[in-house]
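Just below is one structure, and these are the notes that go with it.
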Amino acid sequence: MVDGFCICCRHPMGPHRHRDGRVLRYRGNDRRLHMRMKWPFGILVLLVGMTTQFPAVAWSSTCAVNTRAAMVINVSTGRTLLEHSADTPIPPASITKVLTLYLVFEAIEEGRAHLRNAVFISQKAAGTGGSRMILHPGTEVLLEELIKGMAVDSGNDACVAAAEHIAGSEAVFVAQMNRKAHELGMYNSHFINTNGLPAKGQVTTARDMAKLSQAYLRRFPESLRIHSLQTFTFNGVTQHNRNRLLGHCPGVDGIKTGWIAASGYNLLATAKRGDTRLLVVVLGAPNPAARLGETRKLLEVGFHKAATGASVIELADLANYEDPYGPVPAIKQPHGKSRKAFAKRSSGKGTGPSARQQAHLTKKQRQQHSQVATAKPNRPAGSVTRVGNGKPDKHKHQMQASKGAGTKLQPSIKASAKAGNGSKSGASSGDPKRVKKKTGNSQSSAAHPKTSNGDHRDKTTDTQKKVNPQAKKHSPANT
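The numbering used here applies: residue 36 is where the sequence shown begins, and numbers increase by one.
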């Protein structure tokens, strides 16, 4: 077959049968191969080739390392003690935040940011799904708090807020992440967002994460003071660090966990005993218990080998390992007073708790969180009477449901309010036939601030605002 045509019959490129029964197939540049081949046999060969080239990924209970990929590195010497499928591409999940934190600490080191910077929380940041620090739009939070929220709470919202503060937008920050990854030699990694939420094309390898972790520990060793925190309280809500090895494995002081369905359970763990610091990278464990158990096994065997001067960890060492510590206690969060504070803050503005966090709330708290006032379109839903100088004002602020939206109430002022002196507020009254659920007392402000053109305006009241306290529901991804 030459130039895309058969040399015998000038048939277009592709397998075809000649009159004498021969089947012509083309392989390589200008190579000719005449052979007899039956189609069923050809299909069988093709399927076998695809199976060997793309083997299925499965969890192995008999393998010495029950993960999709793993590495053990002696950070003190830079020697690799063990590697298992170290170059297999796997979604990073929340261990992406280590690279995000690397750039945040770098910005602080270079003077482009400061721990005491007040970071404005955008609607996009507050609305980020998955595990959250529970930020609210329009508020300001110290950058130091956001760092703790990323490291301890695994807050996806904190990642977006910090990225917007440092780079102006998450997209610009992600571009900086990919440049930094290339500088660190992470040639098999690519990042789409700052927090590791599921995204097509976002992958890493155990080897690349080992490179990142070593660079992170060498340049910002003080970051371990934050990564070693077992709990973090923000706005009355206490959340626990998902790295359960903290306090349950000697010497462990970091770094980060991660999980999404496409990756399995990931963990970057580091521990120091004496003058030796080890780093363990575990990607794709089948469950949280396996993630912790395999990591602790690799740490214990790694420290034993480092003490004896051995250069590598043998599979026999892992197969004969016996855990001296017992199971790691399960995580419980939020709890106690934090649980009530969590429900109280999540039932108002903002995006509300994730599905994983909602699972820890009581039935009553979940009901309070999901209350929504409804009314028929274009029908009065209540009124607010402004009181001035102890007397009711003749103008009433009517509440009317927006057309086509039965779950939102929008203010409709029949007459413009007149300028007046200081006034007292009156409670709103809703028609029980129109409104299914009473949304609370509404008040009207006494002050009438002047605008630039001299007009007087009333301050917006609670009932004038859209009433939709139902928060977005998020999947328990990326923890």
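The C-beta atom is built at its ideal place from N, Cα and C for all residues, glycine as well. Since we're looking at a predicted model, the values are computed, not measured.
Item	Value
N-terminal and C-terminal residue of the alpha helix (DSSP H) that N301 is part of	It is not in any alpha helix (DSSP H) - N301 instead sits in the beta strand (DSSP E) that spans G299 to R308.
Short Cβ contact (8 angstroms threshold) for V316 with A250	no
Touching by the beta-carbon criterion (3+ pairs, under 8 angstroms), the segment 170-186 and the segment 204-215	no
Residues that F155 bridges to, as DSSP identifies them	E175
Selected residue, minimal CA-CA separation from L353, among L117, L177 and A196	L117
Complete runs of the beta strand (DSSP E) confined to the segment 91-131 [at least 3 residues]	104-109 and 114-119
Among V207, D188, N152 and I169, the one whose alpha carbon lies nearest that of R279	D188
DSSP bridge partner residues for H225 (one or two, in chain order)	V238
Cβ neighbours of V238 in the same chain (closer than 8 angstroms, five flanking residues each side left out)	P124, I125, P126, P127, N223, S224 and H225
Rounded separation between I201 and E141 - CA only	10 angstroms
Reduced DSSP category for A148 - H, G, I as helix; E, B as strand; rest coil	coil
Bridge partners - R279, DSSP secondary structure assignment	Answer by DSSP bridge pairing: none, since R279 is not bridged.
Inter-residue spacing [alpha-carbon to alpha-carbon] between P515 and R331	Examination of residue 515 is not possible in this model, given that the chain is present from 36 through 514 alone.
Cβ-Cβ separation, G164 to L232 (assumed contact under 8 angstroms), whole Å	7 angstroms
E335 versus S120, H283, G190 and T174, residue with shortest Cα-Cα distance	H283
Exposure of E205, with buried meaning 16 or more beta-carbon neighbours within 10 Å	buried
According to DSSP, residues forming a beta bridge with K246	Note: K246 sits in no beta bridge, so no partner.
CB contact flag (G289, T305, <8 angstroms)	yes
8 angstroms contact criterion, which T311 and S157 should meet: CB distance rounded	About 44 angstroms separates the two Cβ atoms, so there is no contact after all.
Boundaries of the beta strand (DSSP E) in which L314 is found, first to last residue	T311 to A320
Terminal residues of the alpha helix (DSSP H) in which G337 lies	P323 to T343
Beta-carbon proximity check, A241 vs A104, cutoff 8 angstroms	yes
Buried versus exposed call for G489 [16 or more other C-beta atoms within 10 Å across all chains shown]	A caution first: G489 carries a pLDDT of 39, below 50, which makes its placement in the model too unreliable to give a value.
Beta-ladder partner(s) of K291, from DSSP	L303
Closer than 7 angstroms: G344 CB and nearest the ligand FAD heavy atom	Judged by which ligands are present, the structure shown has none, so any question about the ligand FAD falls away.
Among A325, A320, G286 and G293, the one whose alpha carbon lies nearest that of L313	G286
Outcome for S477 when other beta-carbon atoms lying within 10 angstroms are tallied against a minimum of 16	Low confidence applies to S477: its pLDDT is 39, below 50, so where it sits in the model is not reliable, and the reading given next is rough at best. Buried is the call here.
Beta-carbon proximity check, T131 vs N230, cutoff 8 angstroms	yes
A341 versus F155: straight-line alpha-carbon distance, rounded	47 angstroms
Simplified DSSP assignment, three categories, for V133	helix
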